[in-house]
Structure formats: structure tokens, C-alpha cells
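Engineer: Once you've had a glance at the structure underneath, I'll fire off some questions.
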Amino acid sequence: MRIFISWSGDLSKNIAEIFRQWIPGVIQAAKPYYSPDDITKGTRWSSEISKELDASKIGIICLTKDNLDSNWIMFEAGALSKNIEKSKVVPLLFGIEPSDIQGPLVQFQAARFSKSEMKKVVKMVNSELGETALAPDVIDSVFEMWWPKLESQIKEAEEKAKSVDNKDLRSERDLIEEVLSLTRELSINRRFERERSFHPRAFEDMISSVERLTEAVYENGNFELIEYIRDLHRPLEYFVEEAMNSSPGVRKELYSRYRRSKMLMEELISIPEKRVASRVRKTKPDSDEIK
336 MRIFISWSGD LSKNIAEIFR QWIPGVIQAA KPYYSPDDIT KGTRWSSEIS
386 KELDASKIGI ICLTKDNLDS NWIMFEAGAL SKNIEKSKVV PLLFGIEPSD
436 IQGPLVQFQA ARFSKSEMKK VVKMVNSELG ETALAPDVID SVFEMWWPKL
486 ESQIKEAEEK AKSVDNKDLR SERDLIEEVL SLTRELSINR RFERERSFHP
536 RAFEDMISSV ERLTEAVYEN GNFELIEYIR DLHRPLEYFV EEAMNSSPGV
586 RKELYSRYRR SKMLMEELIS IPEKRVASRV RKTKPDSDEI K
């Protein structure tokens, strides 16, 4: 019996690989499949994945806080459930609650990752084998033997993901400290050395730091730092004016870099607002329904 394991994101991918290796140990007749190559998902859906989706009787969706809105997750869930009478789809929740699920996934019976919930999932998979299913006492015994290994591997994968997130956060905090330090330096120079011409290198260093910070926040989706970036652009507006007055030879380059940084910031700020608007549109009833 084929089982399709759906994933999106690094943590979800690691969890999918763990399940791919673990399931046959508990139920040897089960043949789990997952695509380890996210590039395939990002370009053109391969015929291999399409065939596996059609042939799979059970779908396991590895859901984390990072992939709740994943297009690939939604596509695969829809493909798995197209014949709801013959297929079973189970979203497995890691670090999230059933109330966090939105959209098409709410139609499925989700299961938190816990011993009791996983035992129910394993028994459901076993029951789909029909005459070749393991006896109840056998499946209980096998599950008890294999559960500690699964629990340990999943915990290790989650801890590794947390350490990576914390490292990225520290890196962004370091960028903030660097920018603030440069801002203070420019402010002191302005206060005590007004007679000196504005040195463009200090401004270039600061704008570079702001750009790196903006790009890091954009790539990691850490939108809680948006306000920091917005605050940093206020003194930048003053310094770009000073730089243009003090150093005519670098006006065009500095102003161009400043505009690029500001555009990145504005795009970053708009992302959460767009997501909220998108969710409102999804939940807003059609005009026909209102009538």
C-alpha cells in the first residue's frame, strides 16, 4: 500500500524523511514516498510525483508553523483527496494547533504529534490493508517498540530547527546594533564637527547595513523587526540630504542606494498587510451569499 508524504520547508522535509524510514519498520506492507527535491516542486510538477499522488491510498501532510500557507502543500492535499472515499489524508501537526489550520486543510482530521495520536494514525494505516493487516495485539506491540525511535528523531529535528532560527535572529540583531552604532557615530560627528565636510563612507557603511538587515528580514520572514527598519530610515533621510550637500561627486550613487533601501523596506512592510487582506478576502462571503 502506497503512502504519500507531503512536505514543504526544511523542518517539514526532515520530518518527512524520518517518517519515510520509520513507517515500514512498523508496517512492512506500507510503501511510503516523498520527493526529497524541492526544486522539482518549484519548477514543473514531475510525472513521477503525479503518479505517486494518483496511486497513494493514504496521504500524510507534515505541517509546521512555516508551511501553513504553502501552495505545494495545498496542491498535494487536493490531489490526494480528489477521491475522498478511497483515500485518507492526515495532517500531522508539529508545534501548531488544529485551530491554526486554515483553508482547504480544515476538511481533514488533523493529529498532533504525540504518542496517543500517532498510535491512532498507525492503526488507521494498518486497517487500510484489509486482510493483510496486522492483528491488534501485534500492531500495539510493534508500535511500542518503534515509538521511542520516532519520538527521539522528531525531537532532534525540531531542536535543530530552533537552533537555526535563533542563529538567524541573533544575526539580525547584530545588524541592528551595527546600524545603531553607525547612526550614533554620524550624529556625534554632526554635533561636534559641523565645520568638516560630510564623509560619504560612513553613510555608505550604514546604508549597506540597513540593506543587509532588510534583505535578511525579507528572506527569513521575521516581520517583528519591521518597526526597527522603519525607525532606521528616519535618520537615513537626514543623512542622505547631508551627503548630497557635502559631497556633490557622489550624489547620484548615494541617492540611488538610499532609494533602493527604502523600496525594500516599503515592500517588506506591505507583506503582512497583504497577507491580512488575503485572509479577509478568503473569509468574506460572496455578495450572492449575503443576499
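Note that my numbering numbers the sequence shown so that position 182 is 517, with each residue one more than the last. Idealized CB from N, CA, C, for every residue including glycine. Keep in mind the model is a prediction, meaning the values are calculated, not measured.
Work out the CA separation of Pro483 and Pro439 for me, nearest whole Å.
Structural biologist: About 32 Å.
Engineer: Report the three-state DSSP secondary structure of Lys417 (helix, strand or coil).
Structural biologist: Of the three classes helix, strand and coil, the one that applies to Lys417 here is coil, per DSSP.
Engineer: In the stretch 381-465, which residue ranges form an unbroken beta strand (DSSP E) of at least 3 residues, counting only runs that do not cross its ends?
Structural biologist: List check, beta strand (DSSP E) in window: 393-398 and 423-428.
Engineer: Any chance the stretch 389-401 sits against the stretch 428-444, with 3 or more Cβ pairs inside 8 Å?
Structural biologist: Touching, per the Cβ criterion.
Engineer: For Tyr573, count neighbouring C-beta atoms within 10 Å of its own C-beta (all shown protein chains included) and say buried if the count is 16 or more, exposed if not.
Structural biologist: Under this definition Tyr573 is an exposed residue.
Engineer: May I ask which residues mark the beginning and end of the alpha helix (DSSP H) holding Ile358?
Structural biologist: It spans Asp345 to Val361 - the alpha helix (DSSP H) in which Ile358 sits, taken as one unbroken run.
Engineer: Alpha carbon to alpha carbon, how far is Glu546 from Arg595? Give it in angstroms, no decimals.
Structural biologist: About 8 Å.
Engineer: The beta strand (DSSP E) that contains Ser341, what's its start and end?
Structural biologist: That run of the beta strand (DSSP E) goes Arg337 to Ser341.
Engineer: Can you tell me which of the three DSSP states Phe527 falls into?
Structural biologist: Confidence at Phe527 is low in this model, with a pLDDT of 46, below 50, so the placement of that residue is unreliable and no value is reported for it.
Engineer: Rounded to whole angstroms, what is the Cα-Cα separation between Lys376 and Asp345?
Structural biologist: Residue confidence for Lys376 is low, a pLDDT of 49 falling below 50, so the modelled location carries little weight and cannot support an answer.
Engineer: Taking 6 Å as the line, does the beta carbon of Lys417 fall inside it for any heavy atom of the ligand COA?
Structural biologist: Although the ligand COA was asked about, the structure shown includes no ligands whatsoever.
Engineer: Which of the three DSSP states, helix, strand or coil, is assigned to Pro371?
Structural biologist: Note: Pro371 maps to coil in three-state DSSP.
Engineer: Going by beta carbon distance, what residues of the same chain come within less than 8 Å of Ser341, once the five residues before and after it are set aside?
Structural biologist: Closer than 8 Å at Cβ, skipping near neighbours: Ala351, Tyr369, Gly394, Ile395, Ile396, Cys397, Trp407, Ile408, Glu411, Ala412 and Leu415.
Engineer: Just to confirm, is the Cβ distance from Val441 to Val361 under 7 Å?
Structural biologist: Not closer than 7 Å, so no.
Engineer: Distance check for Val499 and Ser544, CA to CA, integer angstroms please.
Structural biologist: Each residue's alpha carbon lies about 21 Å from the other.
Engineer: Please report the distance separating the alpha-carbon of Leu571 from that of Lys597.
Structural biologist: Taking the straight line from one Cα to the other gives about 10 Å.
Engineer: Comparing C-alpha positions only, which one of Phe339, Met336 and Phe354 sits nearest to Asn489?
Structural biologist: Note that residue 489 is Ile in the sequence shown, not Asn. The residue with the shortest Cα to Cα distance from Ile489 is Phe354.
Engineer: For Lys366, which residues does DSSP report across the bridge?
Structural biologist: Lys366 pairs with Arg337.
Engineer: From Ser343, Ala365 and Leu485, pick the residue whose C-alpha is nearest to that of Ala468; which is it?
Structural biologist: It is Ala365 whose Cα lies nearest to the Cα of Ala468.
Engineer: Return the Cβ separation of Val460 and Ile338 in integer angstroms, given the expectation that the two are a contact with Cβ distance under 8 Å.
Structural biologist: Between Ile338 and Val460 the Cβ distance is about 7 Å, and since that is below 8 Å, they are a contact.
Engineer: Using DSSP with H/G/I as helix, E/B as strand and the rest coil, what is Ala470?
Structural biologist: Residue state, collapsed to three classes: coil.
Engineer: Candidates Ile564, Ser343, Glu486 and Asp389: which alpha carbon is nearest Ile542's?
Structural biologist: Comparing Cα-Cα distances from Ile542 to each of Ile564, Ser343, Glu486 and Asp389, the minimum goes to Ile564.
Engineer: Around the Cβ of Pro367, are there at least 16 other Cβ atoms within 10 angstroms (buried) or fewer (exposed)?
Structural biologist: Classification for Pro367: buried.
Engineer: Quick check: Lys392 and Glu463, are their CB atoms within less than 7 Å of each other?
Structural biologist: It is a contact, given that the beta carbons lie within the stated cut-off.
Engineer: Assign Met453 to one of two classes, buried (16 or more other C-beta atoms within 10 Å of its C-beta) or exposed (fewer than that).
Structural biologist: Looking at its Cβ environment, which holds 16 or more other Cβ atoms inside 10 Å, Met453 is buried.
Engineer: To the nearest angstrom, report how far apart Asn349 and Gln437 are at their CA atoms.
Structural biologist: When rounded, the distance between both Cα atoms is 23 Å.
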